Amino acid sequence: MEILNLTIPTCWQELSPKQLRYVYFLLSQDYTAEQLKTLCLCRWAGIEIVCPEGDGYSIRHDFKVRHITALQIAEVLHHLDWLDSLPAFPVRLAAIGKHQAVSADLQGVSFEHYIVLDNLYQGYLHTRNTQLLEQMAAYLYNAPDEAITLTEEERISIFYWFASVKQLFARKFKHFFVTADNSISTDLRRQIEDGINAQIRALTKGDITKEDTVLHSDVYRALTELDALAREYEELKKQTKI
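Convert by adding 9 to the 1-based position in the sequence shown; the result is the number in the numbering used here.
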């Protein structure tokens with residue numbers, strides 16, 4: 010049995026920009042999870058499939074023709090199972106065309122822009138309207154007043170990016186996001202509007218003169234305060250529970 014020494018990424022964060030774009034390209038195609046991982050394995054490990062042969066394949070690796078079995082491939086694919094899930098920490102394409110991306114974890118993004126992004130994201134989840142992803146891209150790539158046309162893989166990259174940001178925020182601001190998730194309405198537009206207004210009221214304490222300051226504050230600062238308020242609310246409910 011041939012023994013190959015292969016070096017492949019072990020998580021999303023280790024992917025180079027070219028490798029990351031390749032994953033998004035494959036995700037935009039009609040591949041199964043196993044096919045996607047097999048294609049990534051061959052690309053990243055420098056394996057060229059020559060032809061099927063017996064119980065496996067004849068391949069070219071390190072300028073030599075070798076034989077590997079289907080079982081060997083299956084065993085290696087297990088090390089790429091992380092591709093089946095969203096990134097644990099947000100990753101993104103650093104640029105789309107001439108446009109440079111904001112920080113992967115949205116550090117430095119205003120609370121106002123985050124609200125817009127979340128609004129568009131929720132809309133996409135319910136409608137699957139890809140134009141909403143392109144509108145998100147305009148904010149995520151520092152061009153809120155421009156129209157950005159995306160390829161299919163770039164649309165998927167936007168979805169994966171913001172979905173992983175939401176997971177990060179849910180872990181980091183768990184009190185606020187648990188509270189937010191519990192207030193579900195059948196009317197999406199009304200739900201989003203009510204949620205936004207409630208967040209702004211909570212941060213301004215009802216003082217309309219503070220609204221502009223809140224909207225232009227860093228999203229992390231705003232969510233930290235909302236999380237603290239949600240935690241206080243949870244504690245108050247426990248204390249007053251009969």
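Even glycine gets a Cβ: it sits at the ideal position worked out from N, Cα and C. Remember, it's a predicted structure, so these values are computed and weren't measured experimentally.
Whole-angstrom distance between residue j and residue i, CA atom to CA atom
{"i": "L224", "j": "R230", "result": "11 Å"}
{"i": "L129", "j": "D90", "result": "30 Å"}
{"i": "R240", "j": "L232", "result": "12 Å"}
{"i": "Q109", "j": "Q144", "result": "15 Å"}
{"i": "V100", "j": "A54", "result": "22 Å"}
{"i": "Q136", "j": "D114", "result": "The residue you asked about is not Gln; residue 136 is Thr in the sequence shown. Cα-Cα distance, rounded: 25 Å."}
{"i": "Q140", "j": "L48", "result": "29 Å"}
{"i": "F178", "j": "K73", "result": "47 Å"}
{"i": "E162", "j": "L102", "result": "10 Å"}
{"i": "I56", "j": "Y33", "result": "20 Å"}
{"i": "R164", "j": "F98", "result": "19 Å"}
{"i": "A147", "j": "L95", "result": "22 Å"}
{"i": "I68", "j": "P61", "result": "9 Å"}
{"i": "C51", "j": "V174", "result": "29 Å"}
{"i": "E84", "j": "T78", "result": "10 Å"}
{"i": "T19", "j": "F182", "result": "27 Å"}
{"i": "S119", "j": "F185", "result": "18 Å"}
{"i": "N151", "j": "Q248", "result": "45 Å"}
{"i": "G40", "j": "K246", "result": "Checking the displayed sequence, the identity of residue 40 turns out to be Tyr instead of Gly. Whole-angstrom Cα-Cα distance: 48 Å."}
{"i": "G132", "j": "N138", "result": "8 Å"}
{"i": "D154", "j": "V125", "result": "13 Å"}
Residues bridged to residue i (per DSSP)
{"i": "H108", "result": "I105"}
{"i": "I17", "result": "BP columns for I17 are empty, so no partner."}
{"i": "I58", "result": "I68"}
Simplified DSSP assignment, three categories, for residue i
{"i": "I165", "result": "helix"}
{"i": "D221", "result": "helix"}
{"i": "D39", "result": "coil"}
{"i": "T233", "result": "helix"}
{"i": "N191", "result": "Residue placement at N191 is poorly supported in this model, since its pLDDT is 47, which falls under 50; the coordinates are not used for a value here."}
Per-residue burial, residue i [other beta carbons within 10 Å of its own, 16 or more giving buried]
{"i": "G63", "result": "exposed"}
{"i": "G8", "result": "Since the first residue shown for the chain is 10 and the last is 251, residue 8 is missing from the structure and cannot be characterised."}
{"i": "L80", "result": "exposed"}
{"i": "T222", "result": "exposed"}
{"i": "S192", "result": "Low per-residue confidence applies at S192: pLDDT is 45, beneath 50, and the placement is therefore not dependable enough to give any value."}
{"i": "Y169", "result": "buried"}
{"i": "G117", "result": "exposed"}
{"i": "Y123", "result": "buried"}
{"i": "D71", "result": "exposed"}
{"i": "V228", "result": "buried"}
{"i": "E121", "result": "buried"}
{"i": "D236", "result": "buried"}
{"i": "S166", "result": "buried"}
{"i": "L29", "result": "buried"}
{"i": "K27", "result": "exposed"}
- Query: Where are the alpha helix (DSSP H) runs, 4 residues long or more, that stay fully inside the segment 138 to 162, in chain order?
  - Reply: 139 to 149
- alpha helix (DSSP H) runs contained entirely in the segment 62 to 134, provided each spans 4 or more residues: 79 to 86
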